[in-house]
Amino acid sequence: MAQGKIRSTTTGAGQARDLDARDAAAPAPRPRGRPARPEAEQRAAVMAATTWLLLNEGYAATTLEAVARRAGMAKKTVYRYASDREDLVAQVVRGWTDGFAPVMAQDVTSVDEVLPALARVLQAIAERVLSADAVGMFRLLTADFPGRDALLRAYQENGIERGTAMLAAWFQRLARRGLIQVSEPRVVAGLLLSMAIAEPLRAMALGLTPPLPESSIGERIQACLALFAGDAKVFALRAA
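Whatever position you read off the sequence shown (first residue = 1), add 321 for the numbering used here.
Next up, the structure:
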């Protein structure tokens, strides 16, 4: 018997089902263009671009268009995080003080833990406020330029005043637990920050001392705490 070619008996409907099955099993085509950046990454890029422009190009050059260009995103994306230039700068400075919150949330349960905890708080503040970017911002504010008042206002409200308020609130929590006595927490917080942070910031802004982490203020913090706690080895009145 002659062998003929075997013909397919698959019907048109069956072929369609086979094609549908193969299409379903095939990987989905990749979307065109770059993948969307995560929200946190986008915001970090906006803040980094703002900081770079402020310190390298100046306040006037720190427009939303320039930030978008520097961050590699559309201007409308930048508008998701800030309404204008002043808002951008405020968020940069506020981001530094946001870094104080975790260490201020530490659990302090005894009097013996208060000063070591306060040392950690001051060190965390120093690491933000005495960083190269923060020192550069402070140095920028010592010059006279168009828009300085707006930048100074953002720095004052979101940096100095907010940081002082956060430390004062921490003192109040310790007082409510019966661990310390403090009659004017806001005043005490301001004095302590001035003593521990202000002079190193001035020296760094003048270029006399490198910013953290190239330098350290650990010894200064310990001296401030000793004076703050009334250590007679640091300061005491002699009997008449």
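Even for Gly, the Cβ is constructed at its ideal location relative to N, Cα and C.
- Per DSSP, D408 is one residue of the alpha helix (DSSP H) stretching across 406-419.
- DSSP lists S452 as the bridge partner or partners of L533.
- Closest in alpha carbon position to N479, among G416, D454, A361, is G416.
- The alpha-carbon separation between R507 and M425 amounts to approximately 15 Å.
- Counting C-beta atoms within 10 angstroms of its own C-beta, R364 has 16 or more neighbours from the protein chains shown and is therefore classed as buried.
- Judged by beta-carbon spacing, L376 lies beyond the 9 Å limit of R406, meaning their Cβ atoms are not closer than that value.
- Shown here, Q502 sits in coil according to DSSP, grouped into three states, outside any helix or strand.
- Residue environment: P521 is assigned as buried (16 or more neighbouring CB atoms within 10 Å of its CB, all protein chains considered).
- The continuous alpha helix (DSSP H) containing N377 extends over residues 360-377.
- Counting C-beta pairs with one atom in each stretch, the region 511-521 and the region 435-453 have three or more that are closer than 8 Å, which means they touch.
- When DSSP assignments are scanned along the region 420-491, the uninterrupted stretches of alpha helix (DSSP H) that are 4 or more residues long and fall wholly within it turn out to be 422-425, 435-450, 453-462, 469-476.
- Around the beta carbon of L527, fewer than 16 other beta carbons lie within 10 angstroms, which makes this residue exposed.
- For K397, the uninterrupted alpha helix (DSSP H) run begins and ends at 396-399, by DSSP.
- Comparing alpha-carbon positions, the option among V410, A550, V555, R483 lying closest to D433 turns out to be A550.
- Linking K554 to A422 through their CA atoms gives a straight-line distance of about 32 Å.
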